[in-house]
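Student:
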Amino acid sequence: MNSRSVVAAVGAAVIVALLTACTPEPQPAPTPTSTGFASEADAFAAAEETYRAYVDALNQVDLSDPATFEAVYAWTTGEANANERQTLSTMHAESLAKTGSNELISFRGDTGSSSLPTEIAAVACVDVSTVEVIDLAGDSVVSASRPDRYALQLELIASPTTPTGLQIASSNAIEDPACAPVP
100 MNSRSVVAAV GAAVIVALLT ACTPEPQPAP TPTSTGFASE ADAFAAAEET YRAYVDALNQ
160 VDLSDPATFE AVYAWTTGEA NANERQTLST MHAESLAKTG SNELISFRGD TGSSSLPTEI
220 AAVACVDVST VEVIDLAGDS VVSASRPDRY ALQLELIASP TTPTGLQIAS SNAIEDPACA
280 PVP
């Protein structure tokens, strides 16, 4: 080996050593859970996004057109899905019509009741004050005692079928002072 080759080889070895010695160890990225959530905050944000999408789908329902029910069904599973199918099918069969929109007032994840990453518990406050359900005679079938706002205890579970990775598994009315009607 001539001296020029030795100098070039030593120089290349020094450059490689300098470059690799100065490169920091790569930091591990947050490990997503099986549902893709890197944190509890991410899971609760996805749960809220899921519930908002469900409310939007519900607001788009035309009771005379069962095809519009499909978007609601897509955001639900289990008990919630069975309840929606029963309710919407009955309303359609009775030729009822819906006016107005549900409005999500607040949403909070329930850290004490969640089993992340597969189950998320949350409480939603929904304003239904503008929603009317009307029969063929044009009369409202909504009870006069219906509150304008409902607090709902929600259970959402992991799902590969929605963009958020979650579906609503159950929804039950509860008492929650934070959702009390404004006087």
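For the sequence shown, this note's numbering gives the first residue as 100, with consecutive numbering after it. All residues carry an ideal CB built from backbone N, CA and C; glycine is no exception.
1) Just to confirm the assignment, what range does the alpha helix (DSSP H) spanning L187 have?
2) L251 and A146 - do their beta-carbons sit closer together than 7 Å?
3) Give me the residue from S188, Y249, V232 with the minimum Cα distance to V240.
4) Looking only at DSSP bridge pairs, what is L203 linked to?
5) Determine the contact status of D234 and L187, defining contact as a CB-CB distance below 7 Å.
6) Can you tell me where the alpha helix (DSSP H) with L162 in it begins and where it stops?
7) Where do the ends of the alpha helix (DSSP H) carrying V171 lie?
8) Reducing DSSP to helix, strand and coil, say where S269 ends up.
9) What's the C-alpha gap between F136 and A181?
10) Label A277 either buried or exposed according to how many other C-beta atoms from any shown protein chain fall within 10 Å of its C-beta, with 16 as the threshold for buried.
11) Among the residues of its own chain, which have a CB less than 8 Å from the CB of N201, if the five just before and after it don't count?
12) Using 10 angstroms around the beta-carbon of Q266, count the other beta-carbons present and answer buried if the total reaches 16, otherwise exposed.
13) In its own chain, which residues sit with a C-beta less than 6 Å from the C-beta of K197, not counting the 5 before and 5 after it?
14) Tell me the DSSP secondary structure of T263 in three-state form.
15) A140: which of T189, E183, T167, A221 sits nearest, CA to CA?
Tutor: Working from what's here:
1) 177–192
2) no
3) V232
4) V225
5) no
6) Careful: L162 lies outside any alpha helix (DSSP H) and carries neither H nor E.
7) 169–173
8) strand
9) 27 Å
10) exposed
11) V154, L157, N158, V225, D226, V227, V230
12) buried
13) L162, V232
14) coil
15) A221
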